[in-house]
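Chains G and R are the protein sequences, given in the same order. Residues 1 to 371 (our numbering) are what the first sequence spells out, left to right. Residues 372 to 448 (our numbering) are what the second sequence spells out, left to right. Just below is one structure, and these are the notes that go with it.
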Amino acid sequence: MGVTMGERLFVIGNEALGWGALNAGCEAYIGYPITPQNETTEWFAQEFPRRGRVFVQSQSEVGSINILFGAAATGARAMTSTSGPGWGLMQEGMSHLVNGELPAVISLVQRGGPGAGTTRHGQMDYLSATRGGGQGGYKNIVLTPASVQESHDFVQLAFYLADKYRNPVIVMTDGLLGQMAEPLELRTLDFGSLPQKDWAVRGRANQPDGIRRAVSAMQGLMPTPPHPPYTGFLDLLKVLDEKYRKMEESEVRYETYLIEDAELIIVAYGYTARVAKEAIKWVRREGFKVGMIRPLSVWPFPYQIIREKASYGCRFLVVEDSLGQLVEDVRIGVQGRTDVHLVGALARHDPSDGGMVLPDSVLDEIYRLMK
Amino acid sequence: MAKGEIAIDEIYCRGCGYCRDFCPKKCITLSENNFTPQGYRLSCFVNPEACTACGICSFMCPHHAIEVYKYVEVKTG
């Protein structure tokens with residue numbers, strides 16, 4: 001399909017991830033289909049080879065993440081996508097990517113868990129994505145789009161941030177956003193200049209200084225000069241620590257909605273943020289002062305604004321399609337100053353894997369808290 | 372002042388040149404006229420002054436032919 005910039009398409013969220021990667025200059029996709037992100041893999045299989053780019057369907061998600069390690073080590077922009085059990089299989093590889101300081105993008109289309117759970121939507125990988133689910137306590141930026149357009153834009157932002165920090169970045173959507181069709185405007189976003197990838201493994205002939213490069217998943221224990229020439233494990237830890245601090249300082253992103261006069265603030269990301277917004281529109285008409293903070297990055301988390309609002313006495317309601325994961329971050333932000341409530345997966349309109357958290361259950365909770 | 376030195380075991384060396392290619396200080400070359408007992412070109416530690424004992428040559432050597440020694444300053448008296 002020949003398309004031009006600025007063109008508007010009617011696509012689902014999973015395909016928007018692909019369009020975003022294409023517009024970010026992604027050169028390789030390595031993935032394994034898993035519901036509900038099959039359309040992403042399908043999109044790349046269809047669109048990448050015909051554009052001369054690389055598509056690999058790996059033998060499993062363990063294969064995906066390790067091939068991604070190799071692709072990222074060459075300095076190419078590469079990504080994978082997964083969901084549910086595949087996410088679990090990728091954890092060790094994610095940790096190696098952080099150790100090797102390699103930039104890569106992983107899109108996580110969340111489904112219901114634990115275990116194989118369901119193939120339908122859910123928001124149940126929040127803690128595993130934001131807390132470094134693999135070994136060794138690493139950290140990575142997690143972006144949370146809430147529309148098809150944002151899915152497209154955030155993949156581009158993710159590639160930029162990955163290259164900026166030499167660290168994997170996760171774009172975390174969910175089954176609903178992945179399967180939902182909306183208009184998408186194709187555009188290339190410019191976030192600024194990036195340093196040269198002089199560390200990339202490109203073959204001796206392609207290195208200006210004629211010295212081969214090595215990337216190791218045991219960086220810190222093994223010498224991997226020339227960039228960076230770590231002499232020991234603590235050197236690695238210091239560099240990672242500095243990197244994490246810099247991310248926490250400069251990469252917090254959130255969106256607010258009617259919070260200036262709000263007495264109750266809803267915190268939600270992804271599809272439940274749209275559900276909560278609908279509920280807020282309804283109760284605002286009845287005079288209830290309710291607003292919303294929507295984190296666009298859930299790590300680093302916007303603790304500051306939540307702390308600020310809690311110190312003015314605002315109460316908090318978390319709406320998420322899980323048994324309570326985002327709510328833990330909000331509690332950290334509130335620091336016990338006010339109460340934090342939860343509308344979770346048990347409030348789905350239908351007691352099945354296809355059920356959704358709908359505005360009705362959010363409304364009920366708002367009435368209960370404010371009347 | 373060199374920070375360390377390396378020892379190349381000519382029994383194991385296969386003359387592949389990885390140590391030469393990866394050394395950030397260009398301390399190693401493949402010899403033109405010295406050969407291993409098996410007939411491969413022997414890698415030679417030619418620039419000991421620049422060696423930082425980083426260990427990449429040993430790390431990359433597929434045949435475990437290189438040992439790296441780091442100099443440690445010892446205070447006496």
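Glycine included, each C-beta is placed from N, C-alpha and C at the ideal position.
Buried or exposed for residue 409 of chain R, going by 16 or more other Cβ atoms inside 10 Å? Within the second sequence, residue 409 of chain R is the residue found at index 38, counting from 1. Exposed is the call here.
Going along chain R, which residues have a C-beta under 7 Å from residue 212 of chain G? Start at 1 with the first residue of the first sequence, and residue 212 of chain G comes out as number 212. Chain R residues near residue 212 of chain G: 392, 393.
Neighbourhood of residue 332 of chain G by C-beta, 6 Å cutoff - its chain only, sequence neighbours within 5 removed: Mapped onto the first sequence, residue 332 of chain G falls at position 332. Taken in chain order, the list of residues that qualify is empty.
With a cut-off of 7 Å, does the C-beta of residue 204 of chain G fall near any C-beta of chain R? As a position in the first sequence, residue 204 of chain G is number 204, starting the count at 1. Residue 204 of chain G belongs to the set of residues whose beta carbon lies under 7 Å from a beta carbon in chain R.
Skipping 5 residues on each side, what residues in its chain have a beta carbon closer than 7 Å to that of residue 412 of chain R? For the purposes of this step, residue 412 of chain R is identified with residue 41 of the second sequence, where counting begins at 1. Within its own chain, the residues whose Cβ lies closer than 7 Å to the Cβ of residue 412 of chain R, once the five positions on either side in sequence are excluded, are 386, 401, 402, 406, listed in chain order.
Could you check what DSSP says for residue 45 of chain G in three-state terms: helix, strand or coil? The sequence position of residue 45 of chain G within the first sequence is 45, counting from 1. The answer is helix: DSSP assigns residue 45 of chain G an H, G or I state.
Using 10 angstroms around the beta-carbon of residue 218 of chain G, count the other beta-carbons present and answer buried if the total reaches 16, otherwise exposed. Taking the first residue of the first sequence as position 1, residue 218 of chain G is located at position 218. Exposed: under 16 other Cβ atoms inside 10 Å.
Which runs of the beta strand (DSSP E) fall wholly inside the segment 191-261 of chain G and span at least 3 residues, in chain order? 254-257
Return helix, strand or coil for residue 63 of chain G, following the three-state DSSP convention. For the purposes of this step, residue 63 of chain G is identified with residue 63 of the first sequence, where counting begins at 1. Correct three-state label for residue 63 of chain G: helix.
From which residue to which residue does the alpha helix (DSSP H) around residue 283 of chain G run? Position 283 of the first sequence holds residue 283 of chain G. 271-285 is the span of the alpha helix (DSSP H), which, as asked, contains residue 283 of chain G.
Residue-chain proximity (residue 218 of chain G, chain R), Cβ-Cβ < 7 Å: As a working mapping, residue 218 of chain G is identified with position 218 in the first sequence. No, residue 218 of chain G lies away from the interface with chain R (no Cβ there is under 7 Å from its Cβ).
Residue 208 of chain G CB to nearest chain R CB: under 7 Å? In the first sequence, counting from the first residue as 1, residue 208 of chain G sits at position 208. Taking Cβ atoms only, chain R never reaches closer than 7 Å to residue 208 of chain G, which makes this a no.
Residues that residue 223 of chain G contacts on chain R, provided the C-beta gap is smaller than 7 Å: The sequence position of residue 223 of chain G within the first sequence is 223, counting from 1. Taking the beta carbon of residue 223 of chain G as reference, the chain R residues within 7 Å of it are 425, 426, 427, 430, listed in sequence order.
Contact check, residue 334 of chain G vs residue 340 of chain G under 8 Å by CB: the rounded distance? Mapped onto the first sequence, residue 334 of chain G falls at position 334. Mapped onto the first sequence, residue 340 of chain G falls at position 340. With a Cβ gap of about 6 Å, residue 334 of chain G and residue 340 of chain G count as contacting.
So residue 223 of chain G packs on residue 425 of chain R, CB below 8 Å; how close in whole Å? Along the first sequence, read from residue 1 onward, the residue named residue 223 of chain G stands at position 223. Along the second sequence, read from residue 1 onward, the residue named residue 425 of chain R stands at position 54. With a Cβ gap of about 4 Å, residue 223 of chain G and residue 425 of chain R count as contacting.
Look at the alpha carbon of residue 62 of chain G and the alpha carbon of residue 86 of chain G, and state the distance between them as a whole number of angstroms. Residue mapping note: residue 62 of chain G aligns to position 62 of the first sequence, counting from 1. Residue mapping note: residue 86 of chain G aligns to position 86 of the first sequence, counting from 1. Approximately 8 Å, taken between the alpha carbons.
Tell me, to the nearest whole angstrom, how far the beta carbon of residue 43 of chain G is from that of residue 66 of chain G; I am working on the premise that it is less than 8 Å. As a first step, residue 43 of chain G is located in the first sequence; it is residue number 43 there, counting from the start. As a first step, residue 66 of chain G is located in the first sequence; it is residue number 66 there, counting from the start. That belief does not hold up - the Cβ atoms of residue 43 of chain G and residue 66 of chain G are roughly 22 Å apart, past 8 Å.
How long is the line joining the alpha carbons of residue 194 of chain G and residue 315 of chain G, rounded to whole angstroms? Taking the first residue of the first sequence as 1, we reach residue 194 of chain G at position 194. Taking the first residue of the first sequence as 1, we reach residue 315 of chain G at position 315. Distance between the alpha carbons of residue 194 of chain G and residue 315 of chain G: 41 Å.
Could you please give me the residues that DSSP links to residue 183 of chain G through a beta bridge? Along the first sequence, one-based indexing puts residue 183 of chain G at 183. Paired residues: G:10.
Straight-line CA distance for residue 212 of chain G to residue 203 of chain G? What you label residue 212 of chain G is simply residue 212 of the first sequence in a count that begins at 1. What you label residue 203 of chain G is simply residue 203 of the first sequence in a count that begins at 1. Approximately 6 Å between the Cα atoms of the pair.
What residue does the alpha helix (DSSP H) around residue 301 of chain G start on, and which one ends it? Against the first sequence, residue 301 of chain G aligns to sequence position 301. Here residue 301 of chain G belongs to no alpha helix (DSSP H), and DSSP marks it neither H nor E.
From the DSSP output, in three-state form, read off residue 405 of chain R for me. Within the second sequence, residue 405 of chain R is the residue found at index 34, counting from 1. DSSP places residue 405 of chain R in strand when its eight states are reduced to three.
For residue 346 of chain G and residue 98 of chain G, the rounded distance between their alpha carbons: Numbered from 1 along the first sequence, position 98 holds the residue referred to as residue 98 of chain G. Numbered from 1 along the first sequence, position 346 holds the residue referred to as residue 346 of chain G. Between residue 98 of chain G and residue 346 of chain G, the C-alpha separation is close to 35 Å.
Here's the rule: buried if 16 or more other CB atoms are within 10 angstroms of the residue's CB, otherwise exposed. What is residue 109 of chain G? The sequence position of residue 109 of chain G within the first sequence is 109, counting from 1. Result: buried.
In terms of DSSP beta bridges, what is residue 376 of chain R paired with? What you label residue 376 of chain R is simply residue 5 of the second sequence in a count that begins at 1. The beta-bridge partner set that DSSP reports for residue 376 of chain R consists of R:440.
Rounded to a whole number of angstroms, what is the C-alpha to C-alpha distance between residue 89 of chain G and residue 419 of chain R? For this step, residue 89 of chain G is matched to residue 89 along the first sequence. For this step, residue 419 of chain R is matched to residue 48 along the second sequence. The alpha-carbon atoms of residue 89 of chain G and residue 419 of chain R are separated by roughly 46 Å.
Can you name the start and end residues of the alpha helix (DSSP H) that residue 105 of chain G belongs to? As a position in the first sequence, residue 105 of chain G is number 105, starting the count at 1. Per DSSP, residue 105 of chain G belongs to no alpha helix (DSSP H); it is in the beta strand (DSSP E), 105-110.
For residue 55 of chain G, the first and last residue of its enclosing alpha helix (DSSP H): The residue labelled residue 55 of chain G in the question sits at position 55 within the first sequence. Element bounds for residue 55 of chain G: not the alpha helix (DSSP H) but the beta strand (DSSP E), 54-57.
With a threshold of 8 Å, are at least 3 pairs of Cβ atoms found where one atom belongs to the segment 65-84 of chain G and the other to the segment 128-148 of chain G? As far as the Cβ criterion goes, the segment 65-84 of chain G does not touch the segment 128-148 of chain G, which means the pair count is below three.
Are the CB atoms of residue 214 of chain G and residue 168 of chain G nearer to each other than 7 Å? Counted from its first residue, the first sequence places residue 214 of chain G at position 214. Counted from its first residue, the first sequence places residue 168 of chain G at position 168. The answer is no: Cβ separation not under 7 Å.
Presumed contact (8 Å Cβ cut-off) between residue 366 of chain G and residue 283 of chain G, rounded CB distance: Within the first sequence, residue 366 of chain G is the residue found at index 366, counting from 1. Within the first sequence, residue 283 of chain G is the residue found at index 283, counting from 1. At roughly 5 Å, the Cβ-Cβ gap stays under 8 Å, so residue 366 of chain G and residue 283 of chain G are in contact.
Under the rule that 16 or more other beta-carbon atoms within 10 Å means buried, what is residue 435 of chain R, buried or exposed? In the second sequence, the residue the question calls residue 435 of chain R occupies position 64. Under this definition residue 435 of chain R is an exposed residue.
Buried versus exposed call for residue 4 of chain G [16 or more other C-beta atoms within 10 Å across all chains shown]: Walking along the first sequence from the start, residue 4 of chain G turns up at place 4. Residue 4 of chain G should be labelled exposed.
State the Cα-Cα distance for the pair residue 128 of chain G and residue 299 of chain G, rounded to the nearest angstrom. Within the first sequence, the letter at position 128 stands for residue 128 of chain G. Within the first sequence, the letter at position 299 stands for residue 299 of chain G. Each residue's alpha carbon lies about 11 Å from the other.
Inter-stretch contact at 8 Å, needing at least 3 Cβ pairs: the segment 53-61 of chain G / the segment 23-31 of chain G: yes
Runs of alpha helix (DSSP H) wholly within the segment 114-155 of chain G (minimum 4 residues, chain order): 126-130
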